[in-house]
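If you read the sequence shown in this note's numbering, its first letter stands for residue 934, the second for the next number, and so on.
Every residue, glycine too, gets a C-beta built ideally from N, C-alpha and C.
See structure below.
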Amino acid sequence: MKITVVGAGAVGATCADNIARKELAEELILLDIKEGFAEGKAIDMMQTAALLGFDTKITGVTNDYASTAGSEVVVITSGLPRKPGMTREELIGINAGIVKGVAENILKHSPDTIIIVVSNPMDTMNYLALKSTGLPKNRVLGMGGALDSSRFKYYLSQELGCSPADLNAVVIGGHGDTTMIPLINHATWNSIPVTQFLSKEQQEKVVASTMVGGATLTKLIGTSAWYAPGAGTAAMVESIVRDQKKLISSGVYLDGEYGQKDISLVVPVIIGKNGAEKILDIKLSDTEQDTFNKSADAVRNMNAVLHE
Ligand code: NAI
């Protein structure tokens, strides 16, 4: 198994570190445009191999796409992260050029690959990667829901005083502060609806905290987060390479599901060796569907910028 991670910055390097620790690949290529940067990060990570006991061989390269040839999974994290006060949407201009160029270069050397797009604004970048590569929709996935759902579980666990691992909760919609939809009415704690244990006020607090989860960290850290994004991406990679068929909220191209067409949005997806193997079209209430449609409108407006 060969995996490539493009962008050796905070998220890319953390994702690579998770991939190596879990030994998801024999060969892992870390690629960055900044001279020597990926090489340095790769050597640093390889110097943990004796301590952590993994066998994955990590190689860092500067813009050398030939060395990524034959990758079965490619993660794209290249692009600018947001700074305090910025929205993910404000990154579109610069990141669209980066993601399109990277996706096309990757495809030249790994025509059978599955791509996971992390760069923001993720919904639009995932749509762009799909359109610019022409890959079938099961082979282009966006990471955002894995992160937002994990954040949702964290905030729920804080209110419930329980382990996040005992919770089932998903976020759908867009991967933006105002477009994501934490589905509180569908969330369960060991199969029991969490709404039985939380007041309306607590529920609203959890949903609001989840939606601004990224912005809260950007304010504290000065740039966007990387541990949970890196782990969320690695979880998707793991489900592909181990054919785990895990249900992970992910950005996928919708062709009628959830009443939407020609757009990439976050919905629950079964992820296996063929990438996005099945979209779970869960039954939403009228209010939830209405919110989903509004998120779709906002993302569609963003996508329109690509044609300007
Ligand atoms: P970073 O600045 O630490 O790393 C980005 C890396 O991309 C840099 O090392 C840079 O040299 C590299 N790069 C830029 N242009 C490139 C190109 N053409 N080819 C190869 N490499 C290139 O940023 P960070 O924090 O790792 O974030 C990366 C992206 O991921 C940002 O767009 C950020 O907004 C997004 N993000 C998305 C999340 C999600 O849930 N989807 C969560 C967190 C971040």
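When 1075, 1160, 1065 are compared, the shortest CA-CA separation from residue 1052 is found for 1075.
Shown here, residue 1102 sits in coil according to DSSP, grouped into three states, outside any helix or strand. In this structure residue 1079 is in contact with residue 1168, their Cβ atoms being roughly 6 Å apart against a cut-off of 8 Å. In this structure, the alpha-carbon of residue 1131 lies about 20 Å from that of residue 1146. Of the candidates 992, 1100, 939, 1196, 939 places its Cα closest to the Cα of residue 1006.
For residue 1162, the uninterrupted alpha helix (DSSP H) segment begins and ends at 1160-1174. Nearest to residue 1195 by alpha-carbon distance, out of 988, 1063, 971, is 1063. Rounded to whole angstroms, the Cβ separation of residue 947 and residue 1087 is 17 Å, and the two are not in contact under 8 Å. Using a cutoff of 7 Å, the CB of residue 1201 does not count as near the ligand NAI, since none of the ligand's heavy atoms is closer than that. The closest CA to that of residue 1029, considering only 1013, 1043, 1041, 1020, is found on 1013. With respect to the 8 Å criterion, residue 1202 and residue 1213 are classified as neighbours on the basis of their beta carbons.
According to DSSP, residue 1188 shares a beta bridge with 1194. Take residue 1143, set aside five residues on each side of it, and the residues of its chain with a beta-carbon closer than 8 Å to its own are 1081, 1084, 1085, 1088, 1104, 1113, 1115, in chain order. A contact is defined here as three or more CB-CB pairs under 8 Å, and the stretch 953-964 meets this definition with respect to the stretch 977-994. Within the same chain, Cβ atoms closer than 8 Å to the Cβ of residue 1184 are found at 1050, 1055, 1056, 1059, 1074, 1075, 1076, 1077, 1078, 1108, 1197, 1198, 1199, the five residues on either side in sequence being excluded.
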